[in-house]
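As structure tokens, the structure follows; a few thoughts come after it.
There are 2 protein chains.
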Amino acid sequence: MKEDMVIRALGALAQEMRLHIVRHLISKGSEGASAGEIAKVLNAISSKTSFHLSTLENAGLISSQRQSRNIIYRANLDTLGGVISFVLNDCCAAHPDIRACCELP
Amino acid sequence: MKEDMVIRALGALAQEMRLHIVRHLISKGSEGASAGEIAKVLNAISSKTSFHLSTLENAGLISSQRQSRNIIYRANLDTLGGVISFVLNDCCAAHPDIRACCELP
DNA sequence: TTCATATTTCAACCTCTATTGAAATGTTGA
DNA sequence: TCAACATTTCAATAGAGGTTGAAATATGAA
Numbered sequence: 001m002k003e004d005m006v007i008r009a010l011g012a013l014a015q016e017m018r019l020h021i022v023r024h025l026i027s028k029g030s031e032g033a034s035a036g037e038i039a040k041v042l043n044a045i046s047s048k049t050s051f052h053l054s055t056l057e058n059a060g061l062i063s064s065q066r067q068s069r070n071i072i073y074r075a076n077l078d079t080l081g082g083v084i085s086f087v088l089n090d091c092c093a094a095h096p097d098i099r100a101c102c103e104l105p
Numbered sequence: 106m107k108e109d110m111v112i113r114a115l116g117a118l119a120q121e122m123r124l125h126i127v128r129h130l131i132s133k134g135s136e137g138a139s140a141g142e143i144a145k146v147l148n149a150i151s152s153k154t155s156f157h158l159s160t161l162e163n164a165g166l167i168s169s170q171r172q173s174r175n176i177i178y179r180a181n182l183d184t185l186g187g188v189i190s191f192v193l194n195d196c197c198a199a200h201p202d203i204r205a206c207c208e209l210p
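So the protein lines, in turn, are chains H and R. Those letters in the first sequence? Residues 1 to 105, by this note's numbering. Those letters in the second sequence? Residues 106 to 210, by this note's numbering.
What follows is the structure, given as structure tokens:
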């Protein structure tokens, strides 16, 4: 993954509503969620939601697909994995102490 | 790790020079590097370097310690690990496919 | 003390980001 | 076709972030 893509993705994640959108979409899996559902769950107006969705999509973190009246969004697991891997393994040189922080109980 | 701290750290990492500073400081380990050395390595003027160093320090990603005339900066491994772990395990719900991208068990 | 070095702070400037409400676009069903 | 619904786009505004050069602060050495 290229550095400028990582930087754009990190910038996209560095915002409360967008982080919540990603978390919600991850939890929805391949089913995804419509813009309207996301707006309702996160208690936001439609234009705000649309703005943040397009920021995430431009960063490659989510994808969209129209389904009749709705537009369904899904998380891009490969991009998310690529970003995390870049920070952990490239930028942090896979430092053992940092990797240890990511252990699961 | 609290979400607003994660968001601040992600925002701090989402910038070319700051990402390079973190990478350099990780590579220097406990020895760290002075502001001047960092500026030289990254080919940047002092005020710009200082601005980005303080952004990283405010985000908790690095620490500073004066050593005679120089100020030595070091990466905070625990914060870096906490941020990566938050995105990976909390936000992404420790999704197996995403963990696999990072070659984590 | 005085000078040189290392670093930060400041002010000015410009660009980018976030939020809002209104208007426009696309889609379905009566 | 027309009305409703879902979503995006637009314009306006306010605020945050990045860069620069000059000035201020802190430290060590002659």
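Built from N, CA and C at the ideal position, the CB exists for glycine as well.
Looking at the C-beta of residue 141 of chain R, does it have a partner C-beta in chain H at a distance below 7 angstroms? no
Kindly indicate which three-state DSSP category residue 175 of chain R falls into: helix, strand or coil? strand
Quick check on DSSP: helix, strand or coil for residue 143 of chain R? helix
Compare the beta carbon distance of residue 101 of chain H and residue 135 of chain R with 7 angstroms and say whether it is the shorter of the two. no
So what does DSSP say about residue 164 of chain R, is it helix, strand or coil? coil
Applying a beta-carbon distance threshold of less than 8 angstroms, which residues of chain R neighbour residue 84 of chain H? 189, 192, 193, 197, 203, 206 and 207
Indicate the three-state DSSP secondary structure (helix, strand or coil) for residue 44 of chain H in the structure shown. coil
Could you tell me the distance, in whole angstroms, from the CA atom of residue 196 of chain R to the CA atom of residue 67 of chain H? 26 angstroms
Residue 94 of chain H (DSSP reduced to helix, strand or coil): coil
Report the three-state DSSP secondary structure of residue 119 of chain R (helix, strand or coil). coil
With 16 other Cβ atoms within 10 Å as the buried cut-off, status of residue 104 of chain H: exposed
Candidates H/22, H/41, H/65 and H/17: closest to residue 81 of chain H by CA position: H/22
Please report the residue range of the alpha helix (DSSP H) in which residue 29 of chain H lies. Element bounds for residue 29 of chain H: n/a, residue is neither H nor E.
Alpha carbons only, please: which of H/95, H/35, H/44 and H/10 is nearest the one belonging to residue 63 of chain H? H/35
Check whether the Cβ atoms of residue 7 of chain H and residue 180 of chain R sit closer than 7 angstroms, and answer yes or no. no
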